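In our numbering, the protein residues as written are 510 to 995. We put the CB at the ideal spot given by N, CA and C, even for glycine. Just so it is clear, the structure is predicted and the values come from calculations on it, not from any experiment.
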C-alpha cells in the first residue's frame, strides 16, 4: 500500500499536468487575439484574409463574403475573348465584396467593387485601412452603396495614401454636403472619376469647378470626369466652365442628362474660344509676373556668385600647375596634365556642389519644360495666366481658351438653337489641331436639321481623327444604364 500511494499521487499529478497543458496552450491564442487590436493589424495585401480579419476585430456580425475573379484582360484571355456576366439575381445583390485579381495572385488586388448594398461606418473603416495599405489597387467602385459625407472623407484619406489608385466610381450615392470634389483634391493621384447619378446640383458643381482650377491653383492629375445623370443647371454649368478656364489636364467631360439650358451652354462654349480676364485675375497675373521676375533675378545673382567662387577656386590650381603666361603651348600642356591627373585618380578642381546641383536642376527644367521628373507635374504651365499669347484689346487682356479638353458631352439637356452659334464661333477659334475632337449635342431642344447644328457637325467631322461621325457612335453614358436611374 505504501508503494501504490505515491503512484496514485504521481498519476494525479500527471493528470493535473495533462489537464493544465491544453488549457495553457489554448490560452495563448486567445490572449493574443485579445491583445490584438484593429489599429495594430498589419494588412498582408490579401483581401480574402484581411477583410474578414479586420471585420472580426471590430466585432462585426454578418460579415459580407469576399468573391474574387480575374481582371477583365486576364479573363478575356482565359476564355478566348468571351466574358460571361450572367449571375442569379440573388447573388448579384447579396452583400459581398467583389475583388479582381491580377493573374490570379491573391496578393495583387486590382479593383474592389460594391454593388447595391448599403455599407456602414465599420465597413468603410475596414475598406479604408485596406486601401491605404494596398500597393496594387487601381480601381474602386461603389454603386448605390449608401455612402455618407463622413464615409467619403475616410475614403479620400485612404485614396491619398494609396499611390496606385487611379479610378474611382461613385454612382448612385448622393451626399448632403456635396463632398464629391474631395476625391480629386491636391493629395490625390486620381485620373478617372465617375460621379453619375448622384443628384449633384449647382452647389456641388461649384465645388467641383473650384477643384478643377482657380486663378491661383489647378488640378494636374484628373483626365476624365463623368457628371452625367445629375441635376446640374445653368448656374452649375457656369461653375464648371469657370473651372475649365485654367485647367489644362482634363481630357474628357460628360455633362449629359442634366438640366443645362442656353445660359449654361453658352458659358461652356465661351471657354473654348478666347478668355477675357476680369480685374481680379489681372491683379493675380501681375503678382505672378512679379514673383517670376524676382525668382529669375535671384537665380541670376546666384549664378554670378557661383561663377565668381568657381573662378577663385580654379586660380590656385592654375598657378600650381604652370606659370600664368599667354603661351598657347603651355595651356595645352596644362590641359594634358589635368587629363593625366584624372586618369591617375588624382582629385581635380571641381565646381561648388551647390552650384552644380543648381545647374543640374536648371538643365532638367530646360529639357522637361512641361513635366517635372520627380512629381510628374507641369513646371512651366503653373498658371495659364502667364501664357505668353496674351493680347491686349480695347483695354482688356485676352487669353487663349481651353484647347486641352478633347471630348465634351452635353447630350440630353435643355439646349436650344440660340446657344449653338457660340459653340460654332469657339470651335472656329481653335486651330492648329488642338481643341475639341468630340462634341455631343444630340437629344436637346433643337431640330437636328437646323443650320448651326449642321455646321458644327461639319467642323467636328473634319476634326475626327478616325474620320467618323461621332454622332452616329453610341455614347458611353448609355452603357450600363440599367445600374442608374435617369
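Could you say which of 731, 929, 725 lies nearest to residue 792 if we only look at CA atoms?
Ranked by how close their Cα comes to the Cα of residue 792, the residues 731, 929, 725 have 725 in first place.
Who are residue 756's beta bridge partners in DSSP?
Within the DSSP bridge table, the entry for residue 756 names no partner.
Going by beta-carbon coordinates alone, are residue 777 and residue 736 separated by less than 8 angstroms?
No, they are not a contact pair.
Go ahead and label residue 680 buried or exposed: buried means 16 or more other beta carbons lie within 10 angstroms of its beta carbon, across all protein chains shown.
Result: buried.
May I ask you to verify whether the stretch 642 to 650 touches the stretch 663 to 677, counting CB pairs closer than 8 angstroms and requiring at least 3?
Flag = yes, the stretch 642 to 650 and the stretch 663 to 677 touch.
Taking C-beta to C-beta, are residue 738 and residue 935 nearer than 8 angstroms?
At a Cβ-Cβ threshold of 8 angstroms, residue 738 and residue 935 do not count as neighbours.
For residue 650 and residue 628, what's the separation of their Cα atoms in angstroms?
Residue 650 and residue 628 have their alpha carbons spaced roughly 13 angstroms apart.
What residue ranges within the stretch 708 to 736 form continuous alpha helix (DSSP H) runs of no fewer than 4 residues, ordered along the chain?
Segments of the alpha helix (DSSP H) lying fully in the stretch 708 to 736: 711 to 721.
Cα-Cα separation between residue 970 and residue 915, rounded to whole angstroms:
So the two alpha carbons sit approximately 14 angstroms from each other.
Which residue from 658, 625, 608, 689 puts its Cα closest to that of residue 699?
The option with the nearest alpha carbon to residue 699 is 689.
If you drop the 5 nearest sequence neighbours on each side, which residues of the same chain put their C-beta closer than 7 angstroms to that of residue 930?
961, listed in sequence order.
Quick one: residues in its chain with C-beta nearer than 6 angstroms to the C-beta of residue 911, no 5 flanking neighbours on either side, listed in chain order?
Non-local C-beta neighbours of residue 911 in its own chain, meaning closer than 6 angstroms and more than five positions away in sequence, comprise 753, 780, 781, ordered along the chain.
Chain-order list of residues whose beta-carbon lies under 7 angstroms from that of residue 769 (same chain, five-residue window excluded):
Excluding sequence neighbours, residue 769 sits near 741, 742, 743, 746, 919, 922, 923, 924.
Along the chain, where does the beta strand (DSSP E) that runs through residue 648 open and close?
Residues 648 to 652.
Can you tell me which of the three DSSP states residue 939 falls into?
DSSP places residue 939 in coil when its eight states are reduced to three.
Opposite residue 575 in the DSSP bridges: which residues?
Its beta-bridge partners are 606.
My assumption, with CB atoms under 8 angstroms, is that residue 697 sits in contact with residue 666. Please give the rounded CB distance.
Contact between residue 697 and residue 666 does not hold, since their C-beta atoms are separated by about 10 angstroms, which reaches or exceeds 8 angstroms.
Could you tell me which of 604, 728, 906 sits nearest to residue 795, measuring between CA atoms?
Comparing Cα positions, the closest option is 906.
Identify the continuous beta strand (DSSP E) that holds residue 677 and give its terminal residues.
First-last of the beta strand (DSSP E) with residue 677: 676 to 680.
Between residue 716 and residue 751, what straight-line distance do the alpha-carbon atoms span, to the nearest angstrom?
In a straight line, the C-alpha of residue 716 is about 11 angstroms away from that of residue 751.
Residue 783 (DSSP reduced to helix, strand or coil):
Residue 783 falls in the strand class under three-state DSSP.
If contacts are defined as beta-carbon pairs under 8 angstroms, then residue 654 and residue 682 qualify, I think. What distance do you get, rounded to the angstrom?
Right, the Cβ-Cβ distance comes to about 6 angstroms (below 8 angstroms), so this counts as a contact.
Helix or strand or just coil, what does DSSP make of residue 618?
Assignment of residue 618 by DSSP, reduced to helix, strand and coil, places it in the strand class.
Indicate the three-state DSSP secondary structure (helix, strand or coil) for residue 919 in the structure shown.
DSSP places residue 919 in coil when its eight states are reduced to three.
Residues of its chain near residue 825, where Cβ-Cβ distance is below 8 angstroms and the 5 sequence neighbours each way are ignored:
Low confidence applies here, because residue 825 scores a pLDDT of 48, under 50, leaving its location unreliable; read the following figure in that light. Counting only residues of its own chain and dropping the five nearest sequence neighbours on each side, residue 825 has no CB closer than 8 angstroms to any other CB.
Can you tell which of 634, 954, 625 has the C-alpha that lies nearest to the C-alpha of residue 561?
Selected option, being the one with the closest Cα: 634.
The beta strand (DSSP E) that contains residue 551, what's its start and end?
Annotation: residue 551 is outside any beta strand (DSSP E) and is labelled neither H nor E by DSSP.
Over the uninterrupted alpha helix (DSSP H) stretch that includes residue 669, give me the two end residues.
658 to 670 is the span of the alpha helix (DSSP H), which, as asked, contains residue 669.
For residue 721, the nearest candidate out of 710, 704, 757 (CA to CA)
Residue 757 is the option with its Cα nearest to residue 721.
Backbone secondary structure at residue 905 - three-state DSSP
Shown here, residue 905 sits in a strand according to DSSP, grouped into three states.
Leaving out five residues before and five after residue 659 in sequence, what residues of the same chain have Cβ atoms less than 8 angstroms from its Cβ?
Correct list, in chain order: 630.
What first and last residue would you give for the alpha helix (DSSP H) that runs through residue 642?
Here the alpha helix (DSSP H) through residue 642 covers 630 to 642.
Please classify residue 798 as buried or exposed, where buried requires at least 16 other C-beta atoms within 10 Å of its C-beta.
Its Cβ having fewer than 16 others within 10 Å, residue 798 is exposed.
Based on DSSP bridge pairs, tell me the residues matched to residue 703.
Answer is 678, 735.
Using CA atoms only, rank isn't needed, just tell me which of 766, 733, 710 is closest to residue 748.
Among 766, 733, 710, the Cα nearest to that of residue 748 belongs to 710.
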